[in-house]
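Residue numbers (my numbering): 284 to 595.
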């Protein structure tokens with residue numbers, strides 16, 4: 284019995300000695316800890332002359348990580364603030380954290396440094412793995428506060444709309460001006476419609492497209508000659524119209540309406556249906572169109588031309 288009492292006393296004395304050498308700590312943490320939640324540990328170390336304290340670099344535990352270490356001097360006391368985080372759930376033991384104190388011995392030819400270790404008390408924390416029901420319960424959101432617009436809040440969008448409208452009008456005006464200048468700068472052909480159409484027909488004849496078997500191009504240009512003539516002579520926008528639209532635009536009592544529409548339909552058959560007509564038929568329509576256009580040539584010009592031929 285006396286042996287057990289003696290062993291107990293020795294053990295208590297050893298533990299009290301070890302605890303007396305431990306640095307006091309102050310745990311600063313929220314009410315609930317979760318995985319990765321940071322908390323702080325305050326450690327105070329008395330300042331001594333000719334001693335240098337080295338801050339801890341890590342915690343000797345796989346479950347606890349030292350994030351940051353800060354310190355400041357307060358009344359000859361080093362106050363350390365350690366930021367820790369735990370990466371496990373349940374009860375987690377945080378081991379002692381070591382500080383190293385370095386001093387220099389004097390009185391010898393060579394100065395030798397002495398390193399002592401200071402450690403904190405070990406402690407435990409309890410870490411939750413999920414939010415509690417109270418934390419996850421939806422709560423009423425505070426209604427939004429009223430916001431009263433000021434004068435500048437109204438003026439800014441108004442000025443912005445005005446500026447955008449001005450820019451739109453300026454850009455539109457420049458585009459329109461460019462279009463008009465392009466139209467006005469184009470040379471205007473003031474010659475009679477029959478003369479313009481005859482010039483196009485003569486150029487078509489000189490190309491000899493029928494002899495080259497270029498049926499589509501020939502009948503396309505032949506159709507263009509008559510369309511341009513109708514537009515210049517009668518104001519019908521025939522160049523931009525289909526044959527059906529031209530038929531609807533021309534008066535039923537229009538002179539040679541049937542022949543004109545027949546020629547346009549004939550050209551459409553070659554252009555769109557790839558129809559290859561007899562050569563004599565295309566030549567017939569070409570001759571007919573030439574005769575039709577020359578009907579609009581003034582008689583005075585014909586007389587003067589015939590007289591000029593006699594003098595020659």
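In this text, a Cβ means the ideal position worked out from N, Cα and C, and glycines have one as well. Source: prediction; values computed, not measured.
| Check | Outcome |
| --- | --- |
| Is it the case that the Cβ atoms of residue 507 and residue 529 are separated by a distance below 9 Å? | no |
| Report the rounded CA-to-CA distance for residue 501 versus residue 449, giving the unit in angstroms. | 51 Å |
| For residue 409, list the residues DSSP reports as bridge partners. | 374 |
| Taking the continuous beta strand (DSSP E) assigned at residue 326, which residues delimit it? | 321 to 329 |
| If you measure between the beta carbons of residue 405 and residue 376, is that distance less than 9 Å? | yes |
| Which same chain residues, not among the five before or five after residue 499, have their C-beta less than 7 Å away from its C-beta? | 553 and 554 |
| CA-CA distance, residue 548 and residue 471? | 30 Å |
| Under the DSSP definition of a beta bridge, which residues are partnered with residue 355? | 362 |
| May I ask which residues mark the beginning and end of the beta strand (DSSP E) holding residue 309? | 308 to 311 |
| Across which residues does DSSP place residue 368 in a beta bridge pair? | 321 and 348 |
| Could you give the DSSP three-state label for residue 337: helix, strand or coil? | strand |
| Measuring only the C-alpha atoms, how far is residue 379 from residue 325? | 13 Å |
| So what's residue 384 in DSSP terms, helix, strand or just coil? | strand |
| Would you grab the beta carbon distance between residue 336 and residue 382 for me? Rounded to a whole angstrom, and I think it's under 8 Å. | 6 Å |
| For residue 305, which of helix, strand or coil comes out of DSSP? | strand |
| Leaving out the 5 sequence neighbours to the left and right, which residues in its chain are closer than 6 Å to residue 577 when beta-carbon positions are compared? | none |
| Can you check DSSP and say which residues form a bridge with residue 401? | 382 |
| Taking just the CA atoms, how far does residue 311 sit from residue 444? | 57 Å |
| Figure out for me which residue from 556, 543 and 580 has the closest Cα to the Cα of residue 568. | 543 |
| Within its chain, find whatever has a CB closer than 8 Å to the CB of residue 390; leave out the 5 residues flanking it on each side and keep chain order. | Because the pLDDT of residue 390 is 43, which lies under 50, any placement of that residue in the model is unreliable, and the number read from its coordinates should be weighed accordingly. Cβ neighbours of residue 390 beyond the five flanking positions: none. |
| So, is residue 510 buried or exposed, given that buried needs 16 or more other C-beta atoms within 10 angstroms? | buried |
| Just curious, the alpha helix (DSSP H) that residue 516 is in, first and last residue? | 498 to 517 |
| Measure the C-alpha to C-alpha separation of residue 438 and residue 428 and round it to an integer number of angstroms. | 23 Å |
| Under 8 Å, with one C-beta from each stretch per pair, do the region 320 to 334 and the region 360 to 369 reach the 3-pair mark? | yes |
| On the three-state DSSP scale, how would you describe residue 316? | strand |
| Measure the alpha-carbon distance for residue 446 versus residue 455 and round it to whole angstroms. | 14 Å |
| In its own chain, which residues sit with a C-beta less than 7 Å from the C-beta of residue 374, not counting the 5 before and 5 after it? | 407 and 409 |
| Exposed or buried, which one is residue 582 when buried takes at least 16 other CB atoms within 10 Å? | exposed |
| Mind checking whether residue 316 and residue 403 have CB atoms under 9 Å apart? | no |
| With the cut-off set at 9 Å, would you say residue 355 and residue 369 are in Cβ contact? | no |
| Does the beta-carbon of residue 481 have 16 or more other beta-carbons within 10 angstroms, so that it is buried, or is it exposed? | buried |
| Tell me whether residue 443 sits in a helix, a strand or coil according to DSSP, three-state version. | helix |
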